[in-house]
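Everything on this sheet refers to the single structure shown next.
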Amino acid sequence: MIIQGTNRTGAVRDRADVVVIGTGAGGATLADYLSARGWDVVMLDKGGFFQAHDFTQREDDAMVDFNGRRGLDSTVDNAYFLNYAECIGGSTVHYWGDSFRAPADRLERWRGLGIDWMTVSDLAPHFDAIEADLGTHICPERLFNENNRLVRQGCEALGFAGDAVPTARVDCIGCGWTQYGCSYNRKSSQLITTIPRVSRRGGRIYSDARAERLIMEGGRARGVTGSLIDRDTDEAHGTFRIDAGLVVVAGGAIGSAEFLLRNLEDPTVGKRFYINPHYFVYADFGREIDNVTGIPCAYEVHEFRELHTDSAGRYARGGYTMLCNHQSPGVTAATLSDIGVEHRARMGRYRQLGSLMSVIDETHPGRLWVDDDGHRRTSFRVRGVDVHKAVDFLKNAARIFLAAGAREVWIPDVWGTVVRDEAGVEREIGIRSVMPNAQFAAGSHFLGTAPIGADAEDSFADQHGEAHRVPGLYVADGAAVPGSVSKDPSLTIMAVARRIAQGMHEREGGRGS
Amino acid sequence: MSDSSGTRGSTGLDRRGFLRATAGGGAAIALASALPAGTLKAYSAAQEDGVDLKALSPKQYAVARAAAEALLVDVPVDPGAVARAVDTDLAAVGDPIRSDMRTVFTLLEHLTPLGLRFRRFTALGIDDRRAYLMTWARSRFNLRRAAFQATRGFLYFNTYLREETWPVTGFPGPWPERFEFPVPPVDFGEIA
Numbered sequence: 001m002i003i004q005g006t007n008r009t010g011a012v013r014d015r016a017d018v019v020v021i022g023t024g025a026g027g028a029t030l031a032d033y034l035s036a037r038g039w040d041v042v043m044l045d046k047g048g049f050f051q052a053h054d055f056t057q058r059e060d061d062a063m064v065d066f067n068g069r070r071g072l073d074s075t076v077d078n079a080y081f082l083n084y085a086e087c088i089g090g091s092t093v094h095y096w097g098d099s100f101r102a103p104a105d106r107l108e109r110w111r112g113l114g115i116d117w118m119t120v121s122d123l124a125p126h127f128d129a130i131e132a133d134l135g136t137h138i139c140p141e142r143l144f145n146e147n148n149r150l151v152r153q154g155c156e157a158l159g160f161a162g163d164a165v166p167t168a169r170v171d172c173i174g175c176g177w178t179q180y181g182c183s184y185n186r187k188s189s190q191l192i193t194t195i196p197r198v199s200r201r202g203g204r205i206y207s208d209a210r211a212e213r214l215i216m217e218g219g220r221a222r223g224v225t226g227s228l229i230d231r232d233t234d235e236a237h238g239t240f241r242i243d244a245g246l247v248v249v250a251g252g253a254i255g256s257a258e259f260l261l262r263n264l265e266d267p268t269v270g271k272r273f274y275i276n277p278h279y280f281v282y283a284d285f286g287r288e289i290d291n292v293t294g295i296p297c298a299y300e301v302h303e304f305r306e307l308h309t310d311s312a313g314r315y316a317r318g319g320y321t322m323l324c325n326h327q328s329p330g331v332t333a334a335t336l337s338d339i340g341v342e343h344r345a346r347m348g349r350y351r352q353l354g355s356l357m358s359v360i361d362e363t364h365p366g367r368l369w370v371d372d373d374g375h376r377r378t379s380f381r382v383r384g385v386d387v388h389k390a391v392d393f394l395k396n397a398a399r400i401f402l403a404a405g406a407r408e409v410w411i412p413d414v415w416g417t418v419v420r421d422e423a424g425v426e427r428e429i430g431i432r433s434v435m436p437n438a439q440f441a442a443g444s445h446f447l448g449t450a451p452i453g454a455d456a457e458d459s460f461a462d463q464h465g466e467a468h469r470v471p472g473l474y475v476a477d478g479a480a481v482p483g484s485v486s487k488d489p490s491l492t493i494m495a496v497a498r499r500i501a502q503g504m505h506e507r508e509g510g511r512g513s
Numbered sequence: 514m515s516d517s518s519g520t521r522g523s524t525g526l527d528r529r530g531f532l533r534a535t536a537g538g539g540a541a542i543a544l545a546s547a548l549p550a551g552t553l554k555a556y557s558a559a560q561e562d563g564v565d566l567k568a569l570s571p572k573q574y575a576v577a578r579a580a581a582e583a584l585l586v587d588v589p590v591d592p593g594a595v596a597r598a599v600d601t602d603l604a605a606v607g608d609p610i611r612s613d614m615r616t617v618f619t620l621l622e623h624l625t626p627l628g629l630r631f632r633r634f635t636a637l638g639i640d641d642r643r644a645y646l647m648t649w650a651r652s653r654f655n656l657r658r659a660a661f662q663a664t665r666g667f668l669y670f671n672t673y674l675r676e677e678t679w680p681v682t683g684f685p686g687p688w689p690e691r692f693e694f695p696v697p698p699v700d701f702g703e704i705a
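Read top to bottom, the protein sequences are chains A and B.
One point on numbering: in our numbering, the residue at position 64 of the first sequence is 64, and numbering is uninterrupted.
So the number in our numbering is just where the residue sits in the second sequence, counting from 1, plus 513.
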């Protein structure tokens with residue numbers, strides 16, 4: 001049952017085996033697993049409930065309806081915009097459907113943190129089950145728009161490794177605007193896969209329900225209280241109390257950490273904040289290209305995923321992947337260089353633009369905290385080796401587009417850097433383009449703010465996802481993932497959540513209460 | 514409307530959040546606070562536009578509008594409509610973003626000496642506003658670059674999401690308004 005908090009006033013009470021805060025990649029996957037095994041589940045999301053007909057593909061509607069903080073959230077010094085969704089289905093409503101398994105080297109690293117099941121073989125059944133459920137398949141040629149094809153062409157000319165992405169969608173029509181919610185129920189978000197199943201099994205899914213306080217009884221987590229929100233005004237007009245045998249925090253790496261910081265004094269929460277910084281590169285092909293249909297990223301460049309250093313340990317290359325990118329006019333306008341007539345001229349070439357964006361596999365995470373005024377804040381800055389990764393991305397993205405025939409490559413920085421040939425790549429692109437606020441950079445892969453691991457001094461929860469210091473409290477989303485996945489982490493978050501759900505089911509004897 | 518609480522100079526700057534997080538924030542407050550705050554009469558743009566402000570002060574609205582006038586050259590969107598959208602967004606999103614953007618607009622208005630101008634931003638000619646903004650864009654100080662990026666990003670986003678700009682960009686518009694495709698039904702069970 002979907003219960004829209006915006007339609008309720010007064011005090012709502014409910015009871016369940018488990019209450020899950022958050023309905024995105026982690027929370028919904030876990031809830032689906034448990035409800036399928038007989039658990040009575042309540043889910044909470046402070047965002048609204050929207051269906052296909054609500055997704056208008058208009059930027060303003062999307063920002064108002066389901067983008068976190070109306071798409072205006074950023075790190076505290078404005079250097080990185082933070083792109084996430086707040087609605088039933090969470091960020092899977094606006095994600096691109098890219099569905100990568102975590103690379104083996106990453107699982108190995110996390111296994112070293114005392115998470116025994118972080119192996120390819122242990123996670124394989126979870127990946128298999130999720131991929132089958134979401135209809136994940138290698139993106140077919142018909143969903144490649146010209147931007148994707150040009151990037152592939154450039155990579156092939158240069159000998160750079162890349163591949164069609166595995167994508168989670170069924171009979172996609174390629175309208176191009178997956179990040180504004182799928183208007184056609186073709187992208188396999190949690191909204192149209194796991195959530196309806198949980199609902200039909202008797203689970204209660206509360207939208208517009210902001211979790212605020214953790215209920216503690218006898219030293220254990222025993223439920224959640226919070227406010228029911230008017231969707232139009234964002235003001236509380238009711239309250240809820242959910243009593244449960246177990247509490248799972250799965251509001252995304254930002255939302256989960258904020259909830260935990262407001263309820264617990266735990267120094268491990270928010271200590272690390274991974275965002276996989278996205279820098280953008282545009283290319284003007286001097287002719288109209290189809291950059292607004294298909295899917296945004298049908299092709300991924302993974303030539304540079306692994307970090308290489310020289311014999312002296314200095315940065316040599318890599319440490320990032322590239323995703324084909326295309327954005328709606330508003331976001332494009334915010335990212336392109338210049339102002340006034342020069343900016344107008346750039347926007348006049350909107351339909352001629354190819355675009356790539358980075359997924360920097362950062363070595364140095366940022367942090368997340370609640371400030372003295374009670375506001376959740378984040379900070380992040382590329383530093384050390386991560387600066388080199390970002391610059392290397394800009395250069396190699398430029399090379400790809402030049403090899404594909406671009407007339408000009410634009411680094412969208414405050415200098416309006418333009419590159420027309422290889423000499424320009426080396427001459428024009430440098431550290432100044434990636435210093436804070438030199439360009440409109442962003443993050444959308446949020447991880448690691450309440451990580452799992454064996455060391456209670458350095459991780460929030462044990463390898464089963466249960467908080468080291470609070471029995472009965474679990475974390476099962478991007479917050480739990482201990483570090484950067486080095487690729488889009490959505491599928492990995494789902495698999496980790498499913499593995500935690502399996503452990504809960506086995507450990508709790510079938511029922512939380 | 515009144516400024517939010519916090520320690521303020523004569524210009525209404527708040528020492529919290531954004532300023533505290535960027536190097537030079539304290540110095541920016543000190544400098545801006547030493548400059549004339551401007552009079553209410555000088556900030557009549559909202560009144561002239563008939564805008565009932567929800568988040569910005571008349572001064573901050575005037576700065577947003579003046580910045581939009583400078584940014585939007587040959588773009589068929591009313592700068593007042595963009596400034597109004599900024600006010601609406603900030604009212605809805607609340608703090609800390611609202612207070613941060615209010616700070617940004619106040620700094621832009623009063624720190625013109627950093628760009629070697631000695632009139633307030635809203636009193637500059639449009640060409641001079643653009644030149645002044647670019648001194649912020651390319652400043653050595655993150656605070657000024659941050660203020661520039663926040664302003665231009667916010668204003669340009671609120672411009673180019675508007676349908677009036679589609680002839681400029683060639684954006685064909687949303688599919689649901691142009692094509693009909695079947696939408697497979699989803700059974701959510703009961704929806705209350």
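Note that beta-carbon positions come from the ideal geometry of N, C-alpha and C, so glycine has one too.
Keep in mind that this is a model prediction, so the values were computed, not measured.
Handout entry: Residue interval of the beta strand (DSSP E) (run including C324 of chain A)
Key = Y320 to C324
Problem - Neighbourhood of A598 of chain B by C-beta, 7 Å cutoff - its chain only, sequence neighbours within 5 removed - result: N671
Problem - Proximal chain A residues relative to E706 of chain B, where beta-carbon distance stays under 9 Å - result: Since the first residue shown for chain B is 514 and the last is 705, residue 706 of chain B is missing from the structure and cannot be characterised.
Exercise for the section: Look at G270 of chain A and T449 of chain A and say whether their C-beta atoms are less than 8 Å apart. Expected result: yes
Practice task
Using a Cβ-Cβ cut-off of 8 Å, state whether T378 of chain A counts as contacting chain B.
Solution key: no
Handout entry: Segments assigned beta strand (DSSP E), at least 3 residues, entirely inside the stretch 186-226 of chain A
Key = 204-207 and 209-217
Handout entry: T514 of chain A (DSSP reduced to helix, strand or coil)
Key = As displayed, chain A neither begins before 1 nor continues past 513, which places residue 514 of chain A out of reach and without an answer.
Practice task
Compute the distance between the beta-carbons of S74 of chain A and F81 of chain A, then report whether it is under 8 Å.
Solution key: yes
Exercise for the section: Could you work out which residue in B:P695, B:L624, B:P609 and B:R665 is closest to D372 of chain A when comparing CA atoms only? Expected result: Minimum Cα distance to D372 of chain A is reached at B:P609.
Handout entry: Burial state of S557 of chain B (16 or more Cβ within 10 Å)
Key = Exposed, by the Cβ-count rule.
Problem - Amino acids of chain A, ordered along the chain, whose beta-carbon sits closer than 7 Å to that of Y574 of chain B - result: Correct list: empty, because the minimum Cβ distance to chain A is about 17 Å.
Exercise for the section: Report the rounded CA-to-CA distance for T119 of chain A versus I192 of chain A, giving the unit in angstroms. Expected result: 29 Å
Problem - Backbone CA spacing between T520 of chain B and L637 of chain B [nearest angstrom] - result: In this prediction, T520 of chain B has a pLDDT of 36, which is less than 50 and means its spatial position is unreliable; what the coordinates show is noted afterwards. Approximately 28 Å, taken between the alpha carbons.
Exercise for the section: Please list, in chain order, all residues of the same chain as A79 of chain A whose beta carbon is under 8 Å from its beta carbon, the five residues on each side excluded. Expected result: F380, R381, P436, N437 and A441
Problem - Beta-carbon gap between G159 of chain A and R152 of chain A smaller than 8 Å - result: no
Practice task
Report the residue ranges of all alpha helix (DSSP H) runs contained in full by the stretch 240-282 of chain A; include only those spanning at least 4 residues, in chain order.
Solution key: Taking only runs of at least 4 residues, the alpha helix (DSSP H) segments lying wholly in the stretch 240-282 of chain A are 252-263.
Exercise for the section: Taking all protein chains shown into account, decide if S121 of chain A is buried (16 or more other Cβ within 10 angstroms of its Cβ) or exposed. Expected result: exposed
Practice task
Please list the partners that F440 of chain A has in chain B, where partner means a Cβ-to-Cβ separation under 7 Å.
Solution key: Per Cβ cutoff of 7 Å: Q662 and G666.
Handout entry: Proximal residues to H505 of chain A (C-beta, below 7 Å), its chain only, five neighbours per side dropped
Key = The answer, listed in chain order, is L34 and R37.
Handout entry: Cβ distance (whole Å) where V20 of chain A is taken to contact V41 of chain A below 8 Å
Key = 7 Å
Exercise for the section: Output the distance between the C-alpha atoms of M494 of chain A and Q439 of chain A, rounded to the nearest integer angstrom. Expected result: 32 Å
Problem - Backbone CA spacing between V18 of chain A and V248 of chain A [nearest angstrom] - result: 7 Å
Practice task
Go ahead and pull the three-state DSSP assignment for T136 of chain A.
Solution key: In this structure, DSSP gives T136 of chain A an extended state, which the three-state scheme calls strand.
Problem - Nearest residue (CA-CA) to E86 of chain A, options A:G22, A:N145, A:V370 and A:Q502 - result: A:G22
Problem - Spatial distance of V590 of chain B from R213 of chain A (CA atoms) - result: 45 Å
Exercise for the section: Under 8 Å between beta-carbons, which chain A residues line up against D700 of chain B? List them in chain order, please. Expected result: P196 and R200
Problem - Secondary structure of D32 of chain A, DSSP reduced to three states - result: helix
Problem - chain B contact for L34 of chain A (CB, 8 Å cutoff) - result: no
Practice task
Give a yes or no on whether 8 Å exceeds the smallest Cβ distance from Y669 of chain B to chain A.
Solution key: yes
Exercise for the section: Mind listing the chain B neighbours of L72 of chain A? Cutoff is C-beta to C-beta under 7 Å, in chain order. Expected result: Proximity of chain B to L72 of chain A at the Cβ level (cut-off 7 Å) is accounted for by D602, V606 and I610, in chain order.
Practice task
In angstroms with no decimal places, state the Cα-to-Cα distance between N276 of chain A and A129 of chain A.
Solution key: 26 Å
Practice task
Determine which residues of the stretch 337-350 of chain A have a Cβ less than 8 Å from any Cβ of chain B, and write them out in chain order.
Solution key: I339, G340, V341, H343, R344, M347, G348 and Y350
Practice task
Please determine, among A:T363, A:L394 and A:E422, the residue with the shortest C-alpha to C-alpha distance to R109 of chain A.
Solution key: A:T363
Practice task
Check whether the stretch 338-348 of chain A touches the stretch 448-466 of chain A, counting contact only when three or more Cβ pairs, one atom from each stretch, lie closer than 8 Å.
Solution key: As far as the Cβ criterion goes, the stretch 338-348 of chain A does not touch the stretch 448-466 of chain A, which means the pair count is below three.
Problem - Collapsed DSSP secondary structure at V19 of chain A in the structure displayed - result: strand
Practice task
Ignoring anything shorter than 3 residues or poking outside the stretch 364-421 of chain A, list the beta strand (DSSP E) runs there in chain order.
Solution key: 367-370, 376-379, 408-411 and 417-419
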